[in-house]
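Trainee: Read top to bottom, the protein sequences are chains A, B, C and D.
Take the first sequence: its position 664, counting from 1, is numbered 1158 in my numbering, and each next residue is one higher.
Take the second sequence: its position 35, counting from 1, is numbered 36 in my numbering, and each next residue is one higher.
Take the third sequence: its position 32, counting from 1, is numbered 59 in my numbering, and each next residue is one higher.
Take the fourth sequence: its position 27, counting from 1, is numbered 795 in my numbering, and each next residue is one higher.
Each residue gets a CB set at the ideal place from its N, CA and C atoms; glycine is no exception.
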Amino acid sequence: MMVQSSSLYLIPLMPLLAAGLIAVTRQPHRRFAASLAIGAMGISLLLSISAFVSTLGQTSAGAARSFSNFDWLQIGPATLRLGWVLDPLSAIMLVMVTFVGLLIFIYSVGYMAHDDNFTRFFCFLSLFAAAMLGLVIANNLLLLFMCWELVGLASYLLIGFWYHKPSAAAAAKKAFITTRIGDVVFLLGIVWLYSQAGTLLFYDHGHGCLEHLKLSELAGRTTVGGLAVSTGIGLLIFCGAIGKSGQVPLHVWLPDAMEGPTPVSALIHAATMVAAGVFLVARVYPLMAEPIPAPVGFVSAPFISALPVVAWVGAITAVFAACIAVAQTDIKRILAYSTVSQLGFMMIGLGVGGVAVGMFHLITHAFFKALLFMGAGSVIHGCHEEQDIRRLGGLKKYMPVTFATYAIGMMALSGVPLFFSGFWSKDGILEAAHTWKPSQGPFYLAAFGALLTAFYMTRQVCYVFFGNYRGAKGDHSHAADSLHGGEPHESPRVMTMPLAILAVFAVVLGFIGTPAWPWFQNYLGGENLPSGVGELFRHDVLYTILISTVIVTVGIGLGWRLYGGKPVTNPNEVDVLERWRPDIYGLLRNKFYVDELYEVTVIRFNAWFAAFCDSLDYWVWNGAVLAVSYLIVGIAWVDRVFDEYVINLGFDESCKGIADGGRLFSRLQNGRVQNYLRVIGVALAALVIFLVWGRKAS
Amino acid sequence: MQFAFAIIAALTLVSGIAAMSLRNLVHCALCLAVTFAGLAAMYLQLHAQFISFAQVLVYIGAVAILVVFAILLTRSGEPVTHPVVHSSWIVGVIIALLVFGVLTKVILSSSISSAALHPLPPKDGPSVREIGNSLMIDYVLPLQVIGLLLTAATIGAVIIAMHEPKISQPPASTPRVNGAEVPHASGHSAELTHHP
Amino acid sequence: MIPLQNYLIFSAMLFSVGLAGALTRRNAILVLVGIELMLNAANLNFVAFWRFSSDPNAMAGLMFVLFSIAIAAAEAAVGLALIIAIYRHYKTTNLEKVNSLKG
Amino acid sequence: MIGDLIHGIFLMIWRTLTDQPEAKSDFLAVFPTAVQPVVSAVLTVSPLLAGFGLLFALTTLLERKGLGRIQNRLGPNRVGPCGILQPVADGLKMITKEDIIPRTADRVVHLLAPIALVVPTVLAFAVLPYGRYLVPMVNDAGILFFFAVGASTELSVFMAGWSSRNKYSLLGAMRAIAQMISYEIPLIISSVSVIMIAGSLSPVEIVQAQGSWLAGGFVPHWYVLTPWGLTGFIIFLISSLAESNRSPFDIPEAESELIAGHLTEYSGFKYALFFLAEYFGTFAIGGLAVTLFLGGWHAPIEALEVIPSYVWFVLKLMALVSLFIWIRGTVPRLRVDQLLNFAWKFLLPMSLLNLIVAGIWHFTAVWDFPCALLVRWALCAAMIAVPYTLLGRALNAKRNAAHRTYRYAT
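1. Using 8 Å as the Cβ pair cut-off and three pairs as the minimum, do the segment 895-904 of chain D and the segment 781-794 of chain D touch?
2. Using three-state DSSP, classify residue 560/A as helix, strand or coil.
3. Strictly below 7 Å CB to CB, what residues from chain B border residue 1186/A?
4. Taking 7 Å as the cut-off, decide whether the C-beta atoms of residue 889/D and residue 1087/D are in contact.
5. Counting beta carbon pairs with one atom in the segment 835-852 of chain A and one in the segment 801-819 of chain A, are three or more of them shorter than 8 Å?
6. Within a Cβ cutoff of 8 Å, which residues of the same chain sit near residue 610/A, ignoring the five residues on either side of it in sequence?
7. Is residue 46/C close to chain G, meaning its C-beta is less than 7 Å from at least one C-beta of that chain?
8. Quick one: what does DSSP say residue 1069/D is sitting in, helix, strand or coil?
9. Output the boundary residues of the beta strand (DSSP E) element that contains residue 158/B.
10. Taking Cβ to Cβ, would you say residue 799/A is nearer than 7 Å to residue 771/A?
11. How would you list, in chain order, the residues of chain C whose beta-carbon sits under 7 Å from the beta-carbon of residue 284/B?
12. Would you say residue 784/A and residue 709/A are within 7 Å of each other, going by their C-beta atoms?
13. Label residue 769/D either buried or exposed according to how many other C-beta atoms from any shown protein chain fall within 10 Å of its C-beta, with 16 as the threshold for buried.
14. Beta-carbon within less than 7 Å of residue 878/D's beta-carbon, same chain only, minus the 5 sequence neighbours each way: which residues are those?
15. Can you list, in chain order, the residues of its chain with a C-beta nearer than 6 Å to that of residue 1048/D? Leave out the 5 residues immediately preceding and following it.
16. First and last residue of the beta strand (DSSP E) that includes residue 578/A?
17. Helix, strand or coil: which one does DSSP assign to residue 1182/A?
18. Give the C-beta separation of residue 617/A and residue 513/A to the nearest angstrom, bearing in mind that I take them to be a contact with Cβ-Cβ under 8 Å.
19. Rounded to a whole number of angstroms, what is the C-alpha to C-alpha distance between residue 751/A and residue 782/A?
20. Ordered along the chain, which non-local residues of its own chain (more than five positions away) have a Cβ less than 8 Å from that of residue 961/A?
21. Who are the Cβ neighbours of residue 776/A in its own chain at under 7 Å, not counting the five residues just before and after it?
22. Count the other CB atoms, across all protein chains shown, that sit within 10 Å of the CB of residue 707/A; report buried if there are 16 or more and exposed otherwise.
23. How do the segment 33-42 of chain C and the segment 79-93 of chain B stand: do at least 3 beta-carbon pairs fall below 8 Å, yes or no?
24. For residue 130/C, would you say it is in contact with chain A, using Cβ-to-Cβ distances shorter than 7 Å as the test?
25. Cβ closer than 7 Å: which chain A residues qualify as neighbours of residue 50/C?
26. Using a Cβ-Cβ cutoff of less than 6 Å, which residues in the same chain neighbour residue 900/A once the five nearest sequence positions on both sides are dropped?
27. Hey, is residue 50/B's beta-carbon within less than 7 Å of any beta-carbon in chain D?
28. In whole angstroms, give me the CA-to-CA distance for residue 760/A and residue 917/A.
29. Relative to chain C, which residues along the segment 58-77 of chain B have a C-beta separation below 7 Å, given in chain order?
30. Select from 580/A, 612/A and 620/A the residue whose C-alpha is nearest the C-alpha of residue 511/A.
31. Rounded to a whole number of angstroms, what is the C-alpha to C-alpha distance between residue 673/A and residue 646/A?
32. Within 7 Å of any Cβ in chain D, is that where the Cβ of residue 129/B sits?
33. For residue 72/B, I'd like the list of residues in its chain whose CB is within less than 7 Å of its CB, leaving aside the five on either flank, ordered along the chain.
34. How far does the alpha helix (DSSP H) with residue 747/A in it reach, from first residue to last?
35. At which residue ranges does the segment 622-660 of chain A contain complete alpha helix (DSSP H) runs of 4 or more residues, listed in the order of the chain?
36. Taking a contact to mean a Cβ-Cβ separation below 7 Å, would you say residue 996/A touches residue 898/A in this structure?
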């Protein structure tokens, strides 16, 4: 069965139905909920693969694209139309989301096995999957935005899943509000786009806002400061992506979001949702990349498209987050900052190289980062909810499967040459940045970021898996672990199986996009790049391969030298780097004090403004209301006096009369049914007498 | 024919009076059943077979049983020491007599007693098929309404008679035993009943 | 043949008996029984009038009685349920003691 | 005159035995017109009572013998050859025993109760068609009549129980009434499906509607051979077991719990009357089952129609009675809550469903594609079987969930 674009909605519908059904399922029906969610996801995966297959074998991106639109709302003369689109971009995302999602669903069965709110968890997961898939297939910026917000909602619900933990509740709120800031700007962009283009459909037989007709129209117009309209809109939309993808300066929510259950971190905050920002940029890429007809006074057109902004933001984020990651001690937090950093890489890729470069890294990253997160989850699960890497250690011995898969993920993330997917995708980004005309800045930043990545991943692996176990043994505080004593233990198969599958993909996925065989780029871009082993030895390619090999080697070597050579033995031991430069290390450990900066600036301003509004309310508006109320009370008093002495005197008398009458009649209403019956009997007789004889007499 | 009518009428009336005047409520209920049976016989005499059977089915088969159940459930079947009628029962009787007098006067003085109103030539009344057709064609709306009414009444009766939370139950016995307790219990059987 | 008025007078008697019972008895159940008797008397009237009507195809009398029987059944069920509920509340079915709207 | 009389009698007997119409006409012609209805009624009623009386005697013997065999004993075997005269001995014993009335009993009601019980059960015989021309009372609304008089037995049971002033009697009577009311509903609804399909309330017409054969005269057109008819028949059978207070629904008379229920305080002839009424009730309801579902007096194969029709009726009735006896010997008694739950939660929904299925059966009769009969069968059978399974599972699941504790058991 080939999935047509018209039946594309079935893919998000499946998890949505599952979410709805699970929502009405009672808590004890765990097996039902899990199998429903997994089954729905499986069906979605099959449908997605079918859709994916149907896009293969097309020569150009335009030919592979099919969409179906329908009328949604009729507002006056304007008709709002929604639709689905199936093109290589959405197809590859569909497969990735459903596949990784399915594995994470399966993994969650093991991870959440002891949780009381098991069914609720699967309800939220399914809801999230539905929203994400809807986002991917949307052919309308508005529909995309709706799903975008739904994704945000699901993320909020899942981060705050353990809402009884104050930190989780706070993290959920933080994530929700921070991303909302980006979303407001995004919405502004949507509104602007609608007012300028008159449509929000991406593709609509030549009339969509991403098609040539509208694009050139948009690029032709200018707004304040000589900025092209398309650039302005692109920048606004990019703000949404900044929020969602945790780019600087809105990255603060992502590390905190690690308070959620680990499968959530893997699914939402590593593989799919955060990638939504990158996907958004890729989706509206034509808008950002549209060459702007150079107005008078500007020499080089690309400088005023939105892409350089994307590239620079990404580059800064990549390094910034990587630096922070170096000094973190929480296993998931390191991965979180790593995610932020890698998202920055994707943005660089999009900014300097195009859709295929960024998306390739997105896909490979989704797999190995999900792998890493799930591996971290496995570690946490096996070590009695311990997340501090200083209290772990030596797990190589206890959890061989987790170690092996984690190591693969780590090498993929670090970009160990040739055999790991991360290498090829990151290499593509570096190469594109290197050949980027406007500046070499992003290239250097990215290279430094890659170095740091290799370093901090090595540090983490050394801490967690080498040396001796530093956690408290024989600690029975965790009720579920009473069976296993205090020893770390390998996770159940339902958790390790997805790890293994993901590990396989973390390796092989790289080969679909090597310079020697750029299938992925061809597929996504619809171009036909040259292929062959010889491509590897082209000047630029070889250069970047060598550079990155050096970088990775240096990073890993440095990490191994500092942390692997003589393993840490005491959990309270001071970090090697801290011993070396406590000031910088402190700065990094405290995440460059960004949270604190926001605390003293944005949040304080907000609080001050709220207090101001409050006092305004209290003194000014309240005063006015009070004055009016006193006036009314005065009038009422006059009224009352009039009432009491003029009207009531007369009224009281008549009331008294009525009351007396009522008292008289109430003797008839004595509650004795038979008295009533008697009256009815008498009345019956009287009526008959009247009717028969009364009539006759008249 | 006249003779049969007279017998049936007398039986019905006597049992009706008994149903209204006996001291023991269970006897009243049984007499009521006899009255219903007499009325059913009268319908038969009027060639309204279907009505007659329905009368037996509903009144004797259901209403009389319901009354019996109600009597037992409210312990009304036990002997009472106080008078069973009102202090002012004479008023009721007078009113009833008044109504009867008026009705009789009306019947006797109306045109139907003088005019030659002849019953239909003896036949077996309408067949069941005719009644059915009539119910399903001419009277289908009332039939539906009656169905609705019966449903509502059933639900209502169940809800009304359902057990309330036991706040003021006498501690001596459970309701189940109440229902089954020998009605006008002489001493020893009452004791037996309260045996745990 | 029995003339119509015999039925009518008999039904009037039955009606009055029912009325007298409903008016004089203290027990709520018997009041209900009296009402049932009155209903039956009315039914008899319907059937008698149907039988003596000049239109051979008229069915209204019969139908009315059928419906009235159905309604009487519903009424008896609800009425007796009410009496049982009242009994639970007041511990009596004596209507002279059941005369307040609230307990 | 006398010659006419004797000729009339012989003619009447001959015509009755050979299944001919108007058996009584020649005999009645001898009498003056005024007494003819009375004579006719006597002629109808007396053979009926005699026949069923005989059948009653036979059935008590059959039951005691059959139960004996089931329980691996001999049963009555002293009176007459193989104990065949046992019913006579029983009857003599019953009649000659002292009639004890408890001192506190309500004498009048106590006396009237057995009579009030026997009368309706005998009345119920009036409308059943026993043979092609053997119908005591041809009535348009015969089935309604049957159920109406059947319903009035409940009051008699109450009279018996209440008047005895014995708590076992009263408990037994109340249980019996609750049971009879409960099972009357599935009983009536399952017969309504037959009434609906046959389009008549008249037993005679219902039997006529079943008087044809399929497949060359070998498959009778009985209602029991349709999916709804089979279901209805089973529901009818179960309900009739309960209606006639037979095991496994003999809770009102459960010896071990209630001594003998409302029969506790009865002895001698009155007890015999109760006994009689119970068996008559079984015959009547069995006869109705035969009429409604088993084709009445029709032969199962067309060629066998030459055998007089009443033989078939009696054979079918005896088969049903034997089935009742068999069930009594096999199935243990239910608890009273199980009994009522079974009626309200299982039989009632199933009989309502059966009514719907009967309607579907009726309206799919117009199908004429190949294998239409098979498709109809499958459809209707599935419509019954699937809810049956689901309902049964649901009810059973609930029962298994609760762990039963016996408070007073050690």
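Mentor: This is what the structure holds:
1. yes
2. Walking along the first sequence from the start, residue 560/A turns up at place 66. Of the three classes helix, strand and coil, the one that applies to residue 560/A here is strand, per DSSP.
3. The residue given as residue 1186/A occupies position 692 in the first sequence. The answer, in chain order, is 107.
4. On the fourth sequence, position 121 is the one that residue 889/D refers to. On the fourth sequence, position 319 is the one that residue 1087/D refers to. Taking 7 Å as the Cβ cut-off, residue 889/D and residue 1087/D do not qualify as a contacting pair.
5. yes
6. Counting from 1 along the first sequence, the entry for residue 610/A is found at position 116. Taken in chain order, the residues that qualify are 521.
7. Within the model displayed, chain G is absent; protein chains A, B, C and D are what it includes.
8. Working through the fourth sequence from its first residue, we reach residue 1069/D at position 301. Residue state, collapsed to three classes: coil.
9. What you label residue 158/B is simply residue 157 of the second sequence in a count that begins at 1. That residue, residue 158/B, is in no beta strand (DSSP E); its alpha helix (DSSP H) goes 141-162.
10. Here residue 799/A corresponds to residue number 305 of the first sequence, with the count starting at 1. Here residue 771/A corresponds to residue number 277 of the first sequence, with the count starting at 1. No, they are not a contact pair.
11. Chain B is shown only over 2 to 197; residue 284/B falls outside these bounds and no answer can be derived.
12. Along the first sequence, read from residue 1 onward, the residue named residue 784/A stands at position 290. Along the first sequence, read from residue 1 onward, the residue named residue 709/A stands at position 215. Closer than 7 Å, so yes.
13. Counted from its first residue, the fourth sequence places residue 769/D at position 1. It counts as exposed.
14. Taking the first residue of the fourth sequence as position 1, residue 878/D is located at position 110. Result list for residue 878/D: 869, 931 and 932, in chain order.
15. As a working note, residue 1048/D is residue 280 in the fourth sequence. Excluding sequence neighbours, residue 1048/D sits near 889.
16. If you number the first sequence from 1, residue 578/A lands on position 84. Looking at the DSSP string, the run of the beta strand (DSSP E) that includes residue 578/A is 572-580.
17. By 1-based counting over the first sequence, the position of residue 1182/A is 688. Residue 1182/A falls in the helix class under three-state DSSP.
18. Taking the first residue of the first sequence as position 1, residue 617/A is located at position 123. Taking the first residue of the first sequence as position 1, residue 513/A is located at position 19. With a Cβ gap of about 5 Å, residue 617/A and residue 513/A count as contacting.
19. Looking up residue 751/A in the first sequence gives position 257. Looking up residue 782/A in the first sequence gives position 288. The alpha-carbon atoms of residue 751/A and residue 782/A are separated by roughly 30 Å.
20. Indexing the first sequence from 1 puts residue 961/A at position 467. Counting only Cβ-Cβ distances below 8 Å, and skipping sequence neighbours, we find 887, 888, 1061, 1062 and 1063.
21. Numbered from its first residue, the first sequence carries residue 776/A at position 282. Around residue 776/A: 583, 844, 849, 852 and 853.
22. Stepping through the first sequence from its first residue, residue 707/A is reached at position 213. Flag for residue 707/A reads exposed.
23. no
24. Locating residue 130/C in the third sequence gives position 103, where the first residue counts as 1. At residue 130/C, the pLDDT of 46 sits below 50, so the modelled position is not reliable; the number obtained from the coordinates is stated separately. Cβ-Cβ to chain A under 7 Å: no for residue 130/C.
25. For the purposes of this step, residue 50/C is taken as residue 23 along the third sequence, with counting starting at 1. 1168, 1171, 1172 and 1175, listed in chain order.
26. Position 406 of the first sequence, counting from 1, holds the residue named residue 900/A. Correct list, in chain order: 869.
27. As a position in the second sequence, residue 50/B is number 49, starting the count at 1. Closer than 7 Å: yes.
28. Counting from one through the first sequence, the residue named residue 760/A turns up at place 266. Counting from one through the first sequence, the residue named residue 917/A turns up at place 423. So the alpha carbons of these two residues sit roughly 21 Å apart.
29. 59, 63, 64, 67, 68, 71, 72, 74, 75 and 77
30. Residue mapping note: residue 511/A aligns to position 17 of the first sequence, counting from 1. Minimum Cα distance to residue 511/A is reached at 620/A.
31. Along the first sequence, one-based indexing puts residue 673/A at 179. Along the first sequence, one-based indexing puts residue 646/A at 152. Their Cα atoms are separated by approximately 8 Å.
32. Taking the first residue of the second sequence as position 1, residue 129/B is located at position 128. Closer than 7 Å: yes.
33. Walking along the second sequence from the start, residue 72/B turns up at place 71. Around residue 72/B: 26, 27, 30 and 78.
34. Here residue 747/A is taken as the residue at index 253 of the first sequence, counted from 1. Taken as a continuous stretch (DSSP letters only), the alpha helix (DSSP H) holding residue 747/A covers 747-750.
35. 635-653
36. For this step, residue 996/A is matched to residue 502 along the first sequence. For this step, residue 898/A is matched to residue 404 along the first sequence. No. Outside cutoff.
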